[in-house]
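Just so we're aligned: the sequence shown equals residues -24 to -1, 1 to 942 in mature numbering (1 follows the signal peptide of the UniProt record, and there is no 0). Beta carbons are placed, not taken as given, at the ideal position from N, Cα and C, and that holds for glycine. Computed from a predicted structure; not experimentally measured.
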Amino acid sequence: MQRHGMCLKLFLAIALLLLQCIQGGEVSRNHRDANVTGRCIEKERQALLAFKRGLVDESNFLSSWGSEAQKQDCCRWIGVSCSNQTGKLISPKLIELQHLHHLDLLGINFNGSQIPDFIGSLSNLIYLGLSDTNLMGKFPSQVGNLTNLQHLDLSFNSFTNAENLDWLPLLSSLRYLDLSLVNLNNVFNWVEVINKLSELTHLTLFGCGLPSPILSTLSYINSSKSLASIDLSSNPLSTSIFLWLSNYNTSLVDLYLSDNLLAGSIPDVLGHMSSLAYLSLSNNQLERWVPHSFVSLCSLQSLDLSSNILSGQLSKFVQILFSTCAQNSLEILDLSLNDLTGSLPDLTNLSSLEVLRLNHNTFSGVISGTYFSKLSKLQVLDFGWNDLAGSLPDLTNLSSLEEFYLYNNQLSGGIPESIGLLSKLQDIDFSMNSLEGVISETHFSKLSKLQYLDLSSQNSSNSLVLDIHADWIPPFQLDSIILPSCKMGPYFPKWLQTQKKFSYLDISDAGISDILPSWFLSLCRNVEFMNLTGNQIRGSFADLTLEFSDSSINKLRLDLSSNKLEGPIPSVLSRALYLDLSNNNLSGSISFLCSSAAIGLLFLDLSRNNVSGEVPDCLTHLENLVMLDLSYNALSGKIPTTIGSVFQIQTLKLRSNRFVGQLPSSLKNCTSLVLVDVGDNKLSGPIPKWLGVSLKNLVILMLSSNHFNGSLPAQICHLTDIQILDFSMNNFSGSIPKCLNNLTTLAQKGKSSMEITHFLERSDGTTTYEDDETFVWKGRMYSYKNTLGLVKRIDLSSNILTGEIPSEITHLVELVSLNLSGNQLTGQITPKIGNLQSLEALDLSRNQIEGRIPTSLARIDRLDFLDLSLNNLSGEIPIGTQLQSFDSSVYAGNPLLCGPPLKKMCVDQNVQTDLSNREDDKDELITWGFHQYGGWVCSWILGSLRHFDIQEVMEIRILQVPEWFK
């Protein structure tokens, strides 16, 4: 009751305050002439100020309302009108609201209030606009009492589901209706209701969850004959909607059906809508081409078929356009994000074209300048993400061009200097091609409106060179400067000093080997993205004055990695959102993390520097930190307990420092952790049981090269998402847990992602980053990032593990690498080892394993790294494609092993490959290269010669020649 009263007062107040005439009054958020003669009454002025304090005016509509001296007269405030005779606010009594005709409160934030019931008593309202006002609660069906309404807009609010629209036909004079984002998924008769609005000309039901209409019993007797604009975008509608739309063939001018479930061919009915000017069918599942009925669309100005599955050649569609009068009216053509092929056709006849988007298809061939020579009105040209080749043509005839996109093609050669004559150009994106040559001042001579420049390359071998005179003053002020791999060194480009408004800068891999100039960072007050990685930039932050504007706090993404910067890290950098200073020579402590400004820090990479000292125990305020990499430094002491307060952290990398002590128990609070790497330190103690219980999201766990001890707890088997488990080079003892088959991701076949990507939702958009890792792979040290998601490995090597290798490990069918070397394992290699068909690397060396090598091992086709040396294995090495291809050192240190590739032959004629331990093996012979029939035969010799030099071959003796060989 109290809440309803508050809503009532709120709506009364705003209606009274904005009422502008006694009869036919108009309430609006728009600015009005403030030239009035009345003086407002002090009591009412104070009431207005009190009302303003209760509003959230994000758009600052009520900025003229204030208590300052120049704002004393409330009759001059925007939206307030006073009587010239009395100075009173017009119609302060509730009853006089009945005269209100026009009420528009667009954009006013009502903080989730409900529309009060009294709104239905404003019976003279003709115009009601409550769009984007943050209204919530029950859908206001009492609006149905406003029978004089001609314009109703309740869009972009958060009402609960509308139960029905039965009240809507009562608004018989309604011409404009917008219910966007009102949930109508249970209103199955919405089409029938709309048909009863005989005066309706404009209908918008964007994002309403509309069910596809049932049209079999639908009546069109009283339906509108003048419905000119329909927007049903972002609904789950099927092609049945076209049957209803066919009733408006002559009246429809605008039709928007994007983001629905339309499938199959584009229907002929659209070609019969003779008045159609704007048609959007984007983001559906339409295929094939437009029907020939489109020849009748003489008024068509905008056609958007983007994000479908249209296929075939564009030339066929162009033929339809050229055979109609639409070629003279078409201004916007968007066919992007389809499967169109072939070369670009001649579009010269589309003389009215202003926007042409053909990006994200598979067009090939060259760009012919003559095909576009007459498109003098063209403002936007987007051919990005195709397979276009050849050089850039001279397009100086496109004198109106504002946006020019050719990104992600196969274009080569230089950029013509004539591009500098396109004086209206604002955006240039030629990125991800194979362009080469010199860029000079001439290329920019008349580009005074240029704001966006992207010439980035496919790789660091970009041959574009910016040869700009040191004293050049560009004619433009850029917002975005994206020039990675464009050579502009060795000195810092001084022309950047003239750019005062850029927010995005990428000059990575630019061949700069200069000292970071003092003027450079002073330009970056408003920057939100800056990437200088991969240069040889020198200098110290101590020599610079760093200052960032309030607008860039916790928005700045700064990457200065892989340079030669040195000295301490200034605390001002803690104001960044994303900070990568890795691969430099920075030193000193990391006490800057204690700055209160670091509260917004999301990503921090200080790896491969020389920072030292202890990690300060002040991490409690890093509540937004998701990624922390302090690897390869000289940090010491214990891992601070406050790390457990960084609740959002997903990646923690402390490798190759001098940390001591145990893993802090507070780390169990960081339940979002995906990657933990504390390898190559001096950490000790047992693996805590909580690690497998609390950190269930772990994908990578690296504890290698420390002093951990004790047994491996069974709780590690709870890490069902684990892909990399590395406990190597510690002092773990006891047996390998038999529960490893519970590691679901390793045990179940499935499609793996190439990368391990983190998606971070923020109010300003989605931020992503990819994990990387460095470890020993097949005997060598490798770093992985782009394919890290494919690497699935377990490494328990160089410990004191005992007992047998559990057969349960063979359930891990996705395992790519298994390293159990350097332990004290006994028993035999499980016969089921062949189940690990994804295995590429297997190292069981330096143990006490005995018995024969299972023949199933020879069936692992992917195996290209094997080490079984220094064990007690015996018998003949099974013959197979894989096992004989390895060097003999793989089997060294097993005195009782024999057979190729070892020089030691199995001299006992009766020794046969052990087949008894092979389960479910119907084909018991490896069919090539080996046959035993009372002795060794030439088929074996021919299959094995490649493993021996000629002297070794001469020592082979055929002990018995079988009859069939004679």
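Proximity below 8 angstroms, CB of residue i to CB of residue j
i, j, result
"residue 956", "G798", "Look at the range of the chain in this structure, -24 to 942, and you will see that residue 956 is not part of it."
"L398", "T372", "yes"
"D280", "L313", "no"
"L144", "L125", "no"
"N385", "D363", "yes"
"G543", "S565", "no"
"N707", "N685", "yes"
"S571", "S547", "yes"
"G637", "S660", "yes"
"S489", "Q473", "no"
"E826", "S850", "yes"
"S340", "S367", "no"
"H127", "L104", "yes"
"Q699", "V675", "yes"
"L387", "I415", "no"
"I809", "T786", "yes"
"residue 943", "V622", "Residue 943 cannot be examined here, being either before or after the span of the chain that is shown, -24 to 942."
"L788", "L772", "no"
Residue i, buried or exposed, once every other Cβ within 10 Å from all chains shown has been counted against 16
i, result
"T215", "buried"
"L820", "buried"
"T180", "buried"
"Q860", "buried"
"E18", "exposed"
"R264", "exposed"
"V883", "exposed"
"S200", "buried"
"M817", "Just to set this straight, residue 817 is Ala in the shown sequence, not Met. It counts as buried."
"K727", "exposed"
"Q724", "exposed"
"G240", "exposed"
"A467", "For the sequence presented, residue 467 should be read as Tyr rather than Ala. Exposed is the call here."
"T627", "buried"
"L815", "buried"
"T744", "exposed"
"L246", "buried"
"L582", "buried"
"N304", "exposed"
"E139", "exposed"
Span of the alpha helix (DSSP H) around residue i
i, result
"A574", "Neither: A574 is in no alpha helix (DSSP H) and is coded neither H nor E."
"W666", "666 to 670"
"I217", "217 to 221"
"E168", "166 to 171"
"W495", "494 to 498"
"T778", "No alpha helix (DSSP H) contains T778, which is instead part of the beta strand (DSSP E) from 776 to 780."
"L722", "720 to 723"
Residue(s) in a DSSP beta bridge with residue i
i, result
"D556", "D535, D581"
"C874", "E852"
"residue 943", "What the structure shows of the chain is the stretch from -24 to 942, and residue 943 is not part of that stretch, so it cannot be assessed."
"K292", "Paired residues: none, contrary to the question."
"K114", "None, per the DSSP bridge assignment."
"L562", "G543"
"S660", "H683"
"N707", "N685"
"T763", "DSSP lists no partner for T763."
"D49", "Beta-bridge pairing links D49 to no other residue."
"E826", "Q804, N848"
Chain D within 8 angstroms of residue i, Cβ atoms only
i, result
"I836", "Here chain D cannot be found, since the structure has a single protein chain."
Limits of the beta strand (DSSP E) - the one that residue i falls within
i, result
"V636", "634 to 637"
"A610", "610 to 614"
"L736", "733 to 738"
"H694", "H694 -> no beta strand (DSSP E), and no H or E assigned at all."
Can you list the beta strand (DSSP E) stretches of 3 or more residues lying completely in the segment 417 to 478, in chain order? Taken in chain order, the complete beta strand (DSSP E) segments of 3 or more residues contained in the segment 417 to 478 are 428 to 430, 439 to 442, 456 to 458.
Complete runs of the beta strand (DSSP E) confined to the segment 304 to 379 [at least 3 residues]: 308 to 310, 315 to 317, 331 to 333, 340 to 342, 356 to 358, 363 to 366
Complete runs of the beta strand (DSSP E) confined to the segment 587 to 631 [at least 3 residues]: 603 to 605, 610 to 614, 627 to 629
Ranges of the beta strand (DSSP E) found wholly within the segment 226 to 272, counting only runs of at least 3: 230 to 232, 239 to 241, 254 to 256, 261 to 263
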